[in-house]
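Engineer: Quick one: this structure, given as structure tokens, is what I'll be asking you about.
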Amino acid sequence: MTESNPNLKPSHNVLLIEDDPAYVRLATILLAESELLNCRITHRPTLTAGIQELRQNPNFEAVLLDLTLPDSQGYETLERLLSHFPHLNIIVLTGLDDKDWGLQAVKSGAQDFLVKGAFDGDQLAKSLRYSIERSNILKRLEETQRIAHIGNWECSPAQHYFQASEETYRIFGLSPQHPFSCEELMNPDCPFNIFLQLQDEVCQQKKVEKDIWVSRRDGEKRYVAIVCSGRKLDKGGFLFNGIIQDITERKQAQELKKDKELAEQAAKFREQFIASVSHEMRTPMNAILGMANLLRQTELDEEQKGYTDSIRQSSDILLGIINDILQMSTIQNGKLQFEQKDFQLSGLLQSLFGVLKYKAEEKKIDFQLVIRQDVPKFLKGDVLRLNQILFNLVGNAIKFTDHGFVRLGVEVLEKQVGRFHLGFVVEDSGIGIAKEYLESIFESFTQLWQKGRIYEGTGLGLPIAKFLVEAQGGQIGVRSEPGKGSTFFFDLWLDEGAPNVLIEPTTIERIPPEASFDLLLVEDHKMNQLVAKKTLEKKWKNINVFLAENGEEAIQLLKKQKVDIILMDIQMPVRDGLSATEYIRKYMPPGIASIPILAMTAHTDKTREHILKEYGLDDYVLKPFEPEQLFQKIQRYFKPA
Amino acid sequence: MPYQYIHLAYLDQMAGDDSETRGQLLHMLIEDLEHNLPEMKALLQKQEWQALQNLSHHLKSTLVFAGNAEMARANRSIEKHLTEEPEAFPDFIALQIDAMETLLPMVLTELKREFQKK
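So the sequence lines, in the order shown, correspond to chains A and B.
Using this note's numbering, the letters of the first sequence correspond one by one to residues 1 to 641.
Using this note's numbering, the letters of the second sequence correspond one by one to residues 1001 to 1118.
Rendered as structure tokens:
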């Protein structure tokens, strides 16, 4: 090995394959004299020895190759070397008479050719240096293409020329070691035949851009983006060039995203559909209930009373089903929220007992409420949800019990500072549940079928109860024996609550029909104004209904007129209900600021309820309103003078 | 039985046995629909999304009295889209308004027939 010029950095490894010692000496001297390149020269006298050296030491940056060697002559020498090392940076050395070999060699992949005896040191160094730089640039380009999965190709059918980058071959699952010739591309089975097809289009459109699926040789499909353009050559024919990028992963990610969006859209549509259906059902349901109630107040004979009661009962059931479906939809959408409020447990249980005992009495069932003495009176939690769980379990127990008893019991399982672990048990002597149904009893739409009789309901009561228990950290279970009865049990941790909280009965008539009081109705919709006013005046003959078209008018009116209660629409022009309520609560004198305000809204979800409370609204009435619900809410919040 | 474009159960429930209130409600309903549906289209053309959302909210109450489920559904879709993603779906909103406009003449005919009954 010879160091050509150690003063120049960096040093490059060059292999010289040359059998003539005089030329070896000459090349070494010329390179040593040149200031353009510093290289270490290794010499091998035959092609075989050169190949062996390259195998042992792959770090040569350039090869100076004599085409006439003892073991190989002419152009074949280059071909043989390239077949072993296709990316080798080769500069061919030819004799004066072999210039044509040199030109052919460059076409076939050599970087340059030099005619022996016709170059000086600088020319040799320059040729080596440029070829090394070019080779490095090509390597970086190949690496960039590999990382970006982008390949490029060039093709001129008229010139029988085709060349593609390594990455192009890899995209098709092919080895770059076996490049295709232009003729091979003509074969329709050749994966690169697609390039020829594109060339036809390029002739018509100048540039073609396509995203298509292509088949690899192993059968795998890849999604590629191809851009191809072409230009006319002076010597006739076209030169086409193009790039190809494998975008399969991006495409798959897009498909996944699309699938996800479709799934989300479907869920949204389902939610919308359920909300729409429930709205559509509520209006006629309200009408049915309202009519049945009105009918019940007229003079009827016993038979007609029976029919009316049947309508009311069926309507109640249907309303229950609508509410179950709505709640299940809310649960499935993850929109359910739990409140932490002080409540009196015994009051809750007594109230529940009071509501359901009539149903038990109708069936002549012994309904018992057993509260252990150590159960705390005051607790903190979501009282409405607890009521709902118990209502579902006790309601079911009564429904599935034809004789015997239903017992609701509560006990303390464990006590910690400031909180209690409570166990609730609902026991009955009803029809019981067969073993094969027990496992699926908490799944949606499971209904009990017994003696040819299917019990009414959606089959959603227990799944809802299970969700409500588990979402609060508890567990729910069941034991049952067909013909003997069932025992449902669940546990919940509840915080100790503040004393003196009462569950107010909502049914007490706090405003007698002849009462005189003032109500402010803030509503911009004329028809809603009219029906609300008429409905209220029908219920309370001496009511004074003041009207305001928007929140601002309401505030101005309240400055002059004291009222007992306010019904507030939410979305109104000029000033909306939320802003008006906030103003009343914050900036008006205490006597006005404390007036009960009920929102009138069409929104039913819990998050909305939370917003209403934040702005200072006491409660809400759903629109289109059901008169009884409106009356009950007014009764509940009305403060007698 | 011919298809009924209006269902006055809610209106009738609210009016009770008061025919004067019923007539008043029907009159208001006809006027409201006659005036506000063309207004919807005008607001869409002017791309006044907030005003369109307000109008759609107003019509929500009105349409409960008319009882045409398809019009109510179309209007709810408009309000929902304008509340959640204003400006995102002008073509969808236009489609819903077209649906409402298509139904409007039949609804109005039936409402006017009801109004004349009194």
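Note that beta-carbon positions come from the ideal geometry of N, C-alpha and C, so glycine has one too.
Please read these numbers as outputs of a predicted model, since none were measured by experiment.
1) By the criterion of Cβ-Cβ separation under 8 angstroms, what are the contact partners of GLN571(A) in chain B?
2) So that I know if they touch, is there some Cβ in chain B lying closer than 8 angstroms to that of VAL522(A)?
3) Using only the alpha-carbon positions, how far apart do SER229(A) and CYS39(A) sit?
4) Nearest chain A C-beta to GLU1020(B) closer than 8 angstroms, yes or no?
5) Identify, in the order they occur along the chain, each residue of the same chain with its Cβ nearer than 6 angstroms to the Cβ of MET1106(B), setting aside the five sequence neighbours on each side.
6) Below 8 angstroms between beta carbons: does that hold for VAL406(A) and ALA360(A)?
7) Any idea what DSSP makes of ASP97(A), helix, strand or coil?
8) For a quick check, are the C-beta atoms of SER72(A) and LEU47(A) less than 8 angstroms apart?
9) Suppose the cutoff is 6 angstroms on Cβ atoms and the five residues either side in sequence are ignored; what does the same chain contact list for GLN135(A) look like?
10) Hey, could you find the ends of the beta strand (DSSP E) SER486(A) is sitting in?
11) Any Cβ of chain A within less than 8 angstroms of the Cβ of VAL1107(B)?
12) Excluding the 5 residues preceding and the 5 following ARG372(A) in the sequence, name in chain order all residues of the same chain whose CB lies nearer than 6 angstroms to its CB.
13) What is the rounded straight-line gap between the Cα of ALA164(A) and the Cα of ALA148(A)?
14) Going straight from the alpha carbon of HIS1035(B) to that of PHE1065(B), what length do you get?
15) Just to make sure I have the definition right: I need the residues of chain B whose C-beta is within less than 7 angstroms of the C-beta of ALA602(A). Which are they?
16) Determine the chain B residues that contact LYS534(A) at a beta-carbon separation under 8 angstroms, and present them in chain order.
17) Within 10 angstroms of its Cβ, does THR401(A) collect 16 or more other Cβ (buried), or is it exposed?
18) Mind checking which residues open and close the beta strand (DSSP E) that includes GLN245(A)?
19) Let me make sure I understand the geometry here. Which of PRO191(A), ILE431(A) and ASP342(A) has the alpha-carbon closest to that of THR487(A)?
20) Starting from MET568(A), follow the alpha helix (DSSP H) in both directions and report where the run begins and ends.
21) What does GLN1024(B) touch in chain A if you count any residue whose Cβ is under 8 angstroms from its own?
22) Which same chain residues end up closer than 8 angstroms to ILE312(A) when comparing Cβ atoms and leaving out the 5 residues on each side of it in sequence?
23) Throw me the rounded Cβ distance for the LEU78(A) and LEU67(A) pair, which I believe falls under 8 angstroms.
24) Give me the chain A residues within the contact set of LEU1029(B), using Cβ-Cβ distance strictly less than 9 angstroms, ordered along the chain.
25) Pick out the complete beta strand (DSSP E) segments inside the segment 88-175 of chain A, 3 residues or longer, and give them in chain order.
26) Sorted by chain position, which residues of the same chain lie with C-beta nearer than 7 angstroms to GLU201(A)'s C-beta, five sequence neighbours on each side aside?
27) Would TRP540(A) and PRO513(A) be called neighbours here (beta carbons separated by less than 8 angstroms)?
28) Any beta-carbon of chain A closer than 8 angstroms to the one on ALA1099(B)?
29) Using 8 angstroms as the cut-off, can you tell me whether the segment 138-145 of chain A makes contact with the segment 155-175 of chain A, which would need three or more C-beta pairs spanning the two stretches below that distance?
30) Closest Cβ-Cβ distance between TYR1005(B) and chain A: below 8 angstroms?
31) Would LYS451(A) pass as an interface residue toward chain B - the criterion being a Cβ-Cβ separation below 8 angstroms?
32) Can you round the beta-carbon distance between ILE247(A) and ILE226(A) to whole angstroms, since I take them to be within the 8 angstroms contact cut?
33) Which residues in the same chain as GLU1114(B) place their Cβ atom closer than 8 angstroms to its Cβ, once the five residues preceding and following it in sequence are excluded?
34) For ALA1094(B), return the contacting residues in chain A, with the cut-off set at a CB-CB distance below 9 angstroms.
35) Below 8 angstroms between beta carbons: does that hold for LEU196(A) and LEU185(A)?
36) Suppose you measure from the CA of ARG419(A) to the CA of LEU379(A); what does that come to, to the nearest Å?
Structural biologist: With the structure as the only source:
1) The count along the first sequence starts at 1 and reaches residue 571(A) at position 571. Within 8 angstroms Cβ-Cβ: ASN1054 and HIS1057.
2) Residue 522(A) sits at position 522 when you count from the first residue of the first sequence. Answer no: the Cβ-Cβ gap between VAL522(A) and chain B never drops below 8 angstroms.
3) Taking the first sequence and counting its residues from 1, the one referred to as residue 229(A) is at position 229. Taking the first sequence and counting its residues from 1, the one referred to as residue 39(A) is at position 39. Rounded to whole angstroms, SER229(A) to CYS39(A) spans 41 angstroms at the Cα level.
4) The count along the second sequence starts at 1 and reaches residue 1020(B) at position 20. The beta-carbon of GLU1020(B) is placed no less than 8 angstroms from the nearest beta-carbon of chain A.
5) In the second sequence, counting from the first residue as 1, residue 1106(B) sits at position 106. Same-chain partners within the cutoff: TYR1005.
6) Your numbering for residue 406(A) matches position 406 in the first sequence. Your numbering for residue 360(A) matches position 360 in the first sequence. For VAL406(A) and ALA360(A), yes; Cβs fall inside 8 angstroms.
7) For the purposes of this step, residue 97(A) is taken as the residue at position 97 of the first sequence. DSSP places ASP97(A) in the helix class (H, G or I) of the three-state scheme.
8) Along the first sequence, read from residue 1 onward, the residue named residue 72(A) stands at position 72. Along the first sequence, read from residue 1 onward, the residue named residue 47(A) stands at position 47. Taking 8 angstroms as the Cβ cut-off, SER72(A) and LEU47(A) qualify as a contacting pair.
9) To locate residue 135(A), count along the first sequence from 1; it is residue 135. Before going on, a small fix: residue 135(A) reads as Ser here, not Gln. ASN89, listed in sequence order.
10) Here residue 486(A) refers to the residue found at position 486 when the first sequence is read from its first residue. Counting along the chain, the beta strand (DSSP E) containing SER486(A) begins and ends at 485-496.
11) On the second sequence, position 107 is the one that residue 1107(B) refers to. It does not; no Cβ of chain A falls within 8 angstroms.
12) Within the first sequence, residue 372(A) is the residue found at index 372, counting from 1. Around ARG372(A), the same chain offers GLU411 as residues with beta carbons nearer than 6 angstroms, after the five sequence neighbours per side are excluded.
13) In the first sequence, counting from the first residue as 1, residue 164(A) sits at position 164. In the first sequence, counting from the first residue as 1, residue 148(A) sits at position 148. Straight-line Cα distance between these residues: approximately 16 angstroms.
14) Walking along the second sequence from the start, residue 1035(B) turns up at place 35. Walking along the second sequence from the start, residue 1065(B) turns up at place 65. C-alpha separation (whole angstroms): 16 angstroms.
15) In the first sequence, counting from the first residue as 1, residue 602(A) sits at position 602. Near ALA602(A) (Cβ distances below 7 angstroms), the residues of chain B are LYS1060.
16) What you label residue 534(A) is simply residue 534 of the first sequence in a count that begins at 1. Within 8 angstroms Cβ-Cβ: MET1014, ALA1015, GLY1016, ASP1018 and THR1021.
17) Counting from 1 along the first sequence, the entry for residue 401(A) is found at position 401. Buried is the call here.
18) For this step, residue 245(A) is matched to residue 245 along the first sequence. First-last of the beta strand (DSSP E) with GLN245(A): 238-246.
19) For the purposes of this step, residue 487(A) is taken as the residue at position 487 of the first sequence. Closest by alpha carbon: ILE431(A).
20) As a working mapping, residue 568(A) is identified with position 568 in the first sequence. Where MET568(A) is concerned, there is no enclosing alpha helix (DSSP H), although the beta strand (DSSP E) it sits in stretches over 565-569.
21) What you label residue 1024(B) is simply residue 24 of the second sequence in a count that begins at 1. LEU530, listed in chain order.
22) Reading the first sequence from its first residue, position 312 is the one you call residue 312(A). Note that residue 312(A) is Arg in the sequence shown, not Ile. Taken in chain order, the residues that qualify are LEU289, ALA292, ASN293 and ARG296.
23) Stepping through the first sequence from its first residue, residue 78(A) is reached at position 78. Stepping through the first sequence from its first residue, residue 67(A) is reached at position 67. With a Cβ gap of about 7 angstroms, LEU78(A) and LEU67(A) count as contacting.
24) Here residue 1029(B) corresponds to residue number 29 of the second sequence, with the count starting at 1. Those are MET527, listed as they occur along chain A.
25) 90-94, 112-115, 150-156 and 161-164
26) Within the first sequence, numbered from 1, the residue matching residue 201(A) stands at position 201. Around GLU201(A): VAL208.
27) Here residue 540(A) refers to the residue found at position 540 when the first sequence is read from its first residue. Here residue 513(A) refers to the residue found at position 513 when the first sequence is read from its first residue. Yes. Within cutoff.
28) Sequence index remark: in the second sequence, residue 1099(B) carries index 99 (1-based). Not one chain A Cβ lies under 8 angstroms of ALA1099(B).
29) yes
30) To locate residue 1005(B), count along the second sequence from 1; it is residue 5. Output row for TYR1005(B): interface = no.
31) On the first sequence, position 451 is the one that residue 451(A) refers to. Note that LYS451(A) scores 44 on pLDDT, short of 50, meaning its location in the model is unreliable; the coordinates nonetheless yield the value given after this. Chain B contact via Cβ: absent.
32) For this step, residue 247(A) is matched to residue 247 along the first sequence. For this step, residue 226(A) is matched to residue 226 along the first sequence. Actually they are not in contact, since the Cβ atoms of ILE247(A) and ILE226(A) sit about 10 angstroms apart, beyond 8 angstroms.
33) Counting from 1 along the second sequence, the entry for residue 1114(B) is found at position 114. Excluding residues within five positions, the ones whose Cβ falls inside 8 angstroms are ILE1006, LEU1008 and LEU1026.
34) In the second sequence, counting from the first residue as 1, residue 1094(B) sits at position 94. Going along chain A, no residue has its Cβ under 9 angstroms from ALA1094(B), so there is no contact; the nearest lies around 19 angstroms.
35) By one-based count along the first sequence, residue 196(A) stands at place 196. By one-based count along the first sequence, residue 185(A) stands at place 185. Taking a C-beta distance under 8 angstroms as the contact criterion, LEU196(A) and LEU185(A) qualify as a contact pair.
36) Your numbering for residue 419(A) matches position 419 in the first sequence. Your numbering for residue 379(A) matches position 379 in the first sequence. Looking at the two C-alpha atoms, the distance is approximately 8 angstroms.
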